[in-house]
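S.K.:
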């Protein structure tokens, strides 16, 4: 028998874990949006040739020297817009999936959703599908992988080790599938498939911009629409029923939204890892529990991460360019290890 | 089987305890279960249960472990679907009503809930407004008032900006109750609201529910483990055994040594509680 005395948190602890002020929940997304905008402008000036800020801005509007206008409007702007949209989709996708599964590791790139999209896209590239249709293939692949994951690992408690293990297995299977398809792909399409697989933003065109923006225009409003339901679902299935959430339908809708967001991103930029994992964590640290501000922040952090990864990839070993996916993997893998370490200690 | 209830009129002497019974009335009630059967897979847990929650009263569902008392509450709260029979809310089967509409009449506090990281008490209580809000609607003055009232009623207003996962067990349970209160439902269903709490916190939670019932005329139905507590804090007792309702009525009328032996298999005598006069169970 033990006597328990109520333990009050020490003042130091209380300060360290003080909840965030509501004002911060509004100001942070606004500040991040400005940061993304600044990053985009900076990216307009950078590349194989430096273009001064003012010239880059006017060139973006189609005014100025023909060479500048071509470089800025046909090479850099599409690439930047794709980076921002892809990062936003990945951040939002991760936030939905982590909240739904109540597991910080349940990110589409860890649990095989991105893998499913990759496999479907490589198959589509191998079959010679037009680039505009690749998001459809990737979305279908992501949905299928999500359905399998949901089927095999649903309802497994809060630890969720099983979910992650099933997801890792799924990821391995889809990777094996990708390798198999690559081995069989016609030689003339091999290059396209391999560049895509590295998670590169190289040579993105307005076709890609259109594809990712159309995808985002459908999925992002859906994500925001589901957010209040997600907030209730996070408190437990029974409680969600109690406050009037149609649980099964909502869970399906959230899975579909998350899979489509990841699928759209993967389709135009390849599997860029760890952004969907890390961006929601950063967002929750910055603005707290699930709310529209958190979703916006996760998307903006994702956009910033992909944009930065692409710039770093272009500059770090210049003139050799690294794909953005390689940069995020180099930064993300240690982060995942640290996260596992921290979760293990709990 | 008739449902009996004791009216709550003279609560001045012992404000947090049920008052002396005045006139037993046959309770209809807004919430009824009619020939309700529920099973997990092939195993039936409830069979042909008839239940009426008397309006404006506190009902406690008691019985041994595995008797189906939580199952009954969860079926009434539409977490479980009946295999046969129905739960009626104002005469309509709840499982066929839009769930959001039910959520404006029935509040449900499950036994185990999940606390997300970084969630403050205020955030939690605000989420109780879900059934009153659309997907994009703005936070209204009515929402704000409902949250303020729920915080004040549960005494959680002083910890509104603290994180839920750093509260003590009793404080946390009060925060959850505040969340269900913000839903502003005339009926509250609570699944073992006192489990895992120590004596002081158990009494704190039960007195709170009692007070909500008396001050706001909230109909309360809860699953309780402790028969003495159920007798003391409930007006209406539903005793269950092996998936069936064995007896229901006012504690001092139905709790007898025979019933306790039938339901719990324990030989005992009952004596009046020296404070409230409700039955106390003394095993012999």
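Residue numbers (my numbering), protein chains in the order written: chain A, 4 to 349; chain B, 2 to 285. Glycine is no exception: its CB is placed at the ideal position from the N, C-alpha and C atoms. It should be emphasised that the depicted structure is a prediction, and the values quoted were computed from it without experimental measurement.
1. On the DSSP bridge list, what partners appear for residue 41/B?
2. Give the C-beta separation of residue 261/B and residue 282/B to the nearest angstrom, bearing in mind that I take them to be a contact with Cβ-Cβ under 8 angstroms.
3. For residue 80/B, which residues from the same chain have a beta carbon less than 6 angstroms from its beta carbon, with the 5 sequence-adjacent residues on both sides left out?
4. Could you tell me the distance, in whole angstroms, from the CA atom of residue 33/A to the CA atom of residue 299/A?
5. Tell me whether residue 140/B is buried or exposed, calling it buried when 16 or more other Cβ atoms sit within 10 Å of its Cβ.
6. Just to confirm my understanding: we take residue 269/B, look at its own chain, exclude 5 residues before and 5 after, and list those with CB closer than 8 angstroms. What are they?
7. With a CB to CB cut of under 6 angstroms and the five nearest residues on each side skipped, what residues in its chain are close to residue 158/B?
8. Taking DSSP as the reference, what is the three-state secondary structure of residue 156/B?
9. Using a cut-off of 8 angstroms between C-beta atoms, extract the partners of residue 109/A located in chain B.
10. Give a yes or no on whether the minimum CB-CB distance between residue 246/A and chain B is below 8 angstroms.
11. Would you decide whether residue 252/A is buried or exposed? Buried here means 16 or more other CB atoms lie within 10 Å of its CB.
12. If you follow the alpha helix (DSSP H) that residue 280/B is in, where does it begin and where does it stop?
13. Note down, in chain order, every chain B residue with its Cβ under 7 angstroms from the Cβ of residue 105/A.
14. Take the Cβ of residue 94/A as the centre, count every other Cβ of all protein chains shown within 10 Å, and call the residue buried at 16 or more, exposed below.
15. Are residue 190/B and residue 109/B touching if we call contact CB-CB under 8 angstroms?
16. Say whether the segment 211 to 222 of chain A touches the segment 130 to 137 of chain B, bearing in mind that this needs 3 or more beta-carbon pairs closer than 8 angstroms, one atom from each stretch.
17. Going by DSSP in three states, residue 283/A sits in which element: helix, strand or coil?
18. Is residue 109/B close to chain A, meaning its C-beta is less than 8 angstroms from at least one C-beta of that chain?
19. In this structure, how does DSSP classify residue 92/A when only helix, strand and coil are distinguished?
20. Round the Cβ separation of residue 365/A and residue 166/A to the nearest angstrom and send it over; I've been treating them as touching at under 8 angstroms.
21. Run the CB neighbour count on residue 190/A, radius 10 Å, all protein chains shown included, and call it buried at 16 or more, exposed below.
22. Could you give the residue range of the beta strand (DSSP E) that holds residue 202/A?
23. In angstroms with no decimal places, state the Cα-to-Cα distance between residue 247/B and residue 224/B.
24. How about residue 202/B and residue 156/B: are their beta carbons less than 8 angstroms apart?
25. Return the chain-ordered list of same chain residues with a C-beta closer than 8 angstroms to the C-beta of residue 310/A, the five sequence neighbours on each side being excluded.
26. With three or more beta-carbon pairs closer than 8 angstroms as the criterion, would you say the segment 282 to 294 of chain A touches the segment 113 to 123 of chain B?
27. Is it true that the CB of residue 111/A sits closer than 8 angstroms to the CB of residue 342/A?
28. Counting pairs of Cβ atoms below 8 angstroms between the segment 177 to 196 of chain A and the segment 149 to 156 of chain A, do you hit three or more?
29. Can you pull the chain B residues whose beta carbon is under 9 angstroms from the beta carbon of residue 32/A, in chain order?
30. Output the distance between the C-alpha atoms of residue 86/B and residue 245/B, rounded to the nearest integer angstrom.
31. Quick one, which residues of the segment 217 to 241 of chain A are near chain B if we go by CB-CB under 9 angstroms, in chain order?
32. Counting Cβ pairs closer than 8 angstroms, one from the segment 91 to 104 of chain B and one from the segment 57 to 65 of chain B, do we hit at least three?
33. Since residue 147/A and residue 119/A should fall inside the 8 angstroms C-beta cutoff, what is the C-beta to C-beta distance between them, to a whole number of angstroms?
34. Tell me where the alpha helix (DSSP H) around residue 72/B begins and ends.
M.R.: This is what the structure gives:
1. 44/B
2. 6 angstroms
3. none
4. 9 angstroms
5. An exposed status is given to residue 140/B, since fewer than 16 other beta-carbon atoms sit within 10 Å of its beta-carbon.
6. Correct list, in chain order: 258, 261, 262, 282, 283, 284 and 285.
7. 152
8. coil
9. Within chain B, no residue comes near residue 109/A; the closest Cβ sits about 14 angstroms away, beyond 8 angstroms.
10. yes
11. Using a 10 angstroms sphere on the CB of residue 252/A, the tally of other CB atoms stays under 16, which defines it as exposed.
12. Taken as a continuous stretch (DSSP letters only), residue 280/B belongs to no alpha helix (DSSP H), being part of the beta strand (DSSP E) at 280 to 284.
13. 115
14. Buried is the call here.
15. yes
16. With the cut-off at 8 angstroms, the segment 211 to 222 of chain A and the segment 130 to 137 of chain B do not touch.
17. Reduced to three states, the DSSP call for residue 283/A is helix.
18. yes
19. helix
20. Because chain A spans 4 through 349 in this model, residue 365/A falls outside it and cannot be assessed.
21. Flag for residue 190/A reads exposed.
22. Taken as a continuous stretch (DSSP letters only), residue 202/A belongs to no beta strand (DSSP E), as it is neither H nor E.
23. Per the coordinates, the alpha-carbon of residue 247/B lies some 15 angstroms from the alpha-carbon of residue 224/B.
24. no
25. 39, 42, 43, 46, 83, 86, 87 and 90
26. yes
27. The answer is no: Cβ separation not under 8 angstroms.
28. no
29. Going along chain B, no residue has its Cβ under 9 angstroms from residue 32/A, so there is no contact; the nearest lies around 16 angstroms.
30. The straight-line gap from Cα to Cα measures roughly 14 angstroms.
31. 227, 228, 229, 230, 231, 232, 234, 235, 237, 238, 239, 240 and 241
32. With a cut-off of 8 angstroms on Cβ pairs, the segment 91 to 104 of chain B is not in contact with the segment 57 to 65 of chain B, counting fewer than three such pairs.
33. At roughly 6 angstroms, the Cβ-Cβ gap stays under 8 angstroms, so residue 147/A and residue 119/A are in contact.
34. Under the DSSP assignment, residue 72/B falls in the alpha helix (DSSP H) whose first and last residues are 70 to 77.
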